[in-house]
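**Q**
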């Protein structure tokens, strides 16, 4: 027995030693492998502040473009203590958003949005809830008439209202007037029709306050101070702007809740008026089928409605304003667009089906979207798992920023990337051509769900306005004031408030 016990103990010791050796070898190999993983290069960050100081006096997307020239199309920066991987150039951005959509498809949630939305909505959410809301929005946009005559008529009706506002302006010759409020109101009414099923009168105080609060709320969200809050939330809660941001958000929640309540009281499952009704129909069908789906709750309806209203309002309104700016800045191009409209359309109303017969006009609108570059940086993504991308290791959960401006201004894709040139979208026969590097609405699974609606609005609004007015630069406005200004941090809008003056068509020969 003593010998057997001794042999057993010896065998156990050998087994334990062998296991320890194996574990040690695994640790050494894995450690070596991890150390050998090549991470994206980038500038050395300052303690705590990271790369933020260098962006105090520069637009973020401009700084990122400069860094991409030094460090390549995939590089790392630190915004405060937070690591961010930036993707630059058409091939790199497309590879990430389209070819690796499952890896780069999640949304990084800013602290400010996480506190407010609590994982609801369509912009800042992830997972099952995001898929449900996105699919519902896309389905509603398809089934409720986008690209159909009913929706086209709504856009035309709103455009007629906008024209009447322009015509009512009384000013001296050459005097500019601010087109911002009526353009925002017109776009907001189209979105309201899509979401709620009805439009508002421009003078309606409920409507006016909703639009103005939404605009101000967006300005604060993308302001430098709010972005600093997202990096240092423990410090920036002391600032008054944070209080204003919450106050505006709370007011919008209250007003949107009331609008949804009125629709619920008059809800008829056999008559879908807008997105709110589509949500309620889906919720009722699930309940009748005995399916429990937590995505269809009141909180998700509220946040999704506000997301749809906010996202569509700022981007489409800003692009329309840029269209007027480019018309005023380039009068010869304005002549060409108006000449084409005169030859092909005459004095009748432009319809969406006319787009195929208006190649130069279509090219002008595409070039406006490209050069206006209204969203130079896509909202931040995060990696859903560890990935080796273009030779670099990116850890799961890393924040990733696709630099859309580097795609729309990619020197290897565009003949004159920094000039306004509609010929980018025309072939040698002056026919319209699509360009792969044209992705102002982003790409992949997080691309803008309202792209078709936005394109329709831009085409009808801009062509109809150009049938009635000629746009020119107001007296005293310099060339520099017609260049992009990063007034929202992540969004570009015309710098000056007095927009191009409009001369009524009655005195205009096209």
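Residue numbers (my numbering): 9 to 518.
The C-beta atom is built at its ideal place from N, Cα and C for all residues, glycine as well.
How should residue 184 be labelled, buried or exposed, when 16 other C-beta atoms within 10 angstroms of its C-beta is the threshold for buried?
**A** Residue 184 is buried by the Cβ-count criterion.
**Q** So, helix, strand or coil for residue 209, using DSSP?
**A** Three-state DSSP puts residue 209 in coil, outside helix and strand.
**Q** At the level of alpha carbons, what is the spacing between residue 112 and residue 313?
**A** One C-alpha to the other measures close to 25 Å.
**Q** Classify residue 424: buried if its beta carbon has 16 or more other beta carbons within 10 angstroms, exposed otherwise.
**A** Its Cβ having fewer than 16 others within 10 Å, residue 424 is exposed.
**Q** Can the beta-carbon of residue 353 be found closer than 9 Å to that of residue 164?
**A** Going by C-beta atoms, residue 353 is not nearer than 9 Å to residue 164.
**Q** Give the straight-line distance between the Cα atoms of residue 420 and residue 426, rounded to the nearest whole angstrom.
**A** In a straight line, the C-alpha of residue 420 is about 12 Å away from that of residue 426.
**Q** Give the DSSP-derived three-state secondary structure of residue 381 in the structure shown.
**A** Note: residue 381 maps to coil in three-state DSSP.
**Q** Which value, in whole angstroms, describes the spacing of the CA atoms of residue 233 and residue 449?
**A** Computed Cα separation, rounded: 26 Å.
**Q** Assess, as a yes-or-no matter, whether the segment 434-443 is touched by the segment 365-382 under the definition of 3 or more beta carbon pairs within less than 8 Å.
**A** Flag = yes, the segment 365-382 and the segment 434-443 touch.
**Q** Locate the alpha helix (DSSP H) running through residue 198, then write down its first and last residues.
**A** Per DSSP, residue 198 belongs to the alpha helix (DSSP H) from 188-203.
**Q** Excluding the 5 residues flanking residue 285 on each side, which residues of the same chain have their C-beta closer than 7 Å to its C-beta?
**A** Around residue 285: 205, 271, 275.
**Q** May I have a chain-ordered list of the beta strand (DSSP E) segments no shorter than 3 residues that lie completely inside the segment 94-179?
**A** Here no run is fully enclosed.
**Q** Based on Cα-Cα distance, which residue from 336, 407, 440, 265 lies nearest to residue 306?
**A** Checked all of 336, 407, 440, 265; the closest Cα to residue 306 is 265.
**Q** If you draw a straight line from the alpha carbon of residue 27 to that of residue 290, how long is it in whole angstroms?
**A** Annotation note: pLDDT 49 at residue 27 (below 50); position unreliable, coordinate value reported separately. Each residue's Cα considered, the two are about 57 Å apart.
**Q** Could you have a look at residue 54 and say whether DSSP puts it in helix, strand or coil?
**A** The answer is strand: DSSP assigns residue 54 an E or B state.
**Q** With DSSP run on the structure shown, which of helix, strand or coil describes residue 48?
**A** Correct three-state label for residue 48: coil.
**Q** Classify residue 381 as buried or exposed, calling it buried when 16 or more other Cβ atoms lie within 10 Å of its own Cβ.
**A** It is buried - the Cβ of residue 381 has at least 16 other Cβ atoms within 10 Å.
**Q** Short of 8 Å in beta carbon distance, which residues of its chain neighbour residue 388, apart from the five on each side in sequence? Order them along the chain.
**A** Taken in chain order, the residues that qualify are 92, 115, 116, 118, 407, 408, 409.
**Q** Less than 8 Å between the CB atoms is what I'm expecting for residue 277 and residue 263, so what's the real figure, rounded?
**A** With 8 Å as the limit, residue 277 and residue 263 do not qualify as a contact, their Cβ atoms being about 25 Å apart.
**Q** Between the Cα of residue 254 and the Cα atoms of 228, 196, 238, 110, which residue gives the shortest distance?
**A** Ranking 228, 196, 238, 110 by Cα distance to residue 254 puts 228 first.
**Q** Indicate whether residue 349 and residue 386 have their beta-carbon atoms separated by less than 9 Å.
**A** Not in contact: residue 349 and residue 386 (Cβ atoms no closer than 9 Å).
**Q** How many Å lie between residue 342 and residue 59 at the Cα?
**A** Taking the straight line from one Cα to the other gives about 42 Å.
**Q** Take residue 401 and list the residues in its own chain whose beta-carbon comes closer than 8 Å to its own, dropping the five residues that flank it on each side.
**A** The residues are 45, 46, 47, 394, 395.
**Q** What separation, rounded to the nearest whole angstrom, lies between the Cα atoms of residue 169 and residue 99?
**A** Computed Cα separation, rounded: 43 Å.
**Q** List the endpoints of the continuous beta strand (DSSP E) containing residue 408.
**A** Per DSSP, residue 408 belongs to the beta strand (DSSP E) from 407-410.
**Q** In terms of residues, what are the limits of the beta strand (DSSP E) holding residue 60?
**A** Where residue 60 is concerned, there is no enclosing beta strand (DSSP E), given that its DSSP letter is neither H nor E.
**Q** Quick one, which of 328, 162, 351 has its alpha-carbon nearest residue 372's?
**A** Among 328, 162, 351, the Cα nearest to that of residue 372 belongs to 328.
**Q** When you compare the CB positions of residue 199 and residue 310, do they come within less than 9 Å of one another, or not?
**A** No; because the gap between Cβ atoms is not below 9 Å, this pair is not in contact.
**Q** Measuring straight from C-alpha to C-alpha, what distance separates residue 39 and residue 280?
**A** Model confidence at residue 39 stands at a pLDDT of 43, short of 50, so the residue's coordinates are unreliable; what they give is reported in the following sentence. The alpha-carbon atoms of residue 39 and residue 280 are separated by roughly 59 Å.
**Q** I'd like the span of the beta strand (DSSP E) that includes residue 480, first residue to last.
**A** Residues 477-480.
**Q** Any heavy atom of the ligand HEM within a distance shorter than 8 Å of the CB on residue 324?
**A** Ligands displayed in this structure: none; no statement on the ligand HEM is therefore possible.
**Q** Do you know how far the Cα of residue 383 is from the Cα of residue 499?
**A** Low confidence applies to residue 499: its pLDDT is 49, below 50, so where it sits in the model is not reliable enough to give any reading.
**Q** So what does DSSP say about residue 238, is it helix, strand or coil?
**A** If DSSP states are grouped into helix, strand and coil, residue 238 belongs with the helices.
**Q** By a C-beta neighbour count over all protein chains shown, 10 Å radius and 16 as the cutoff for buried, is residue 302 buried or exposed?
**A** It is exposed - the Cβ of residue 302 has fewer than 16 other Cβ atoms within 10 Å.
**Q** Decide if residue 214 is buried, meaning its Cβ has at least 16 other Cβ atoms within 10 Å, or exposed.
**A** When all chains shown are included, residue 214 counts as exposed.
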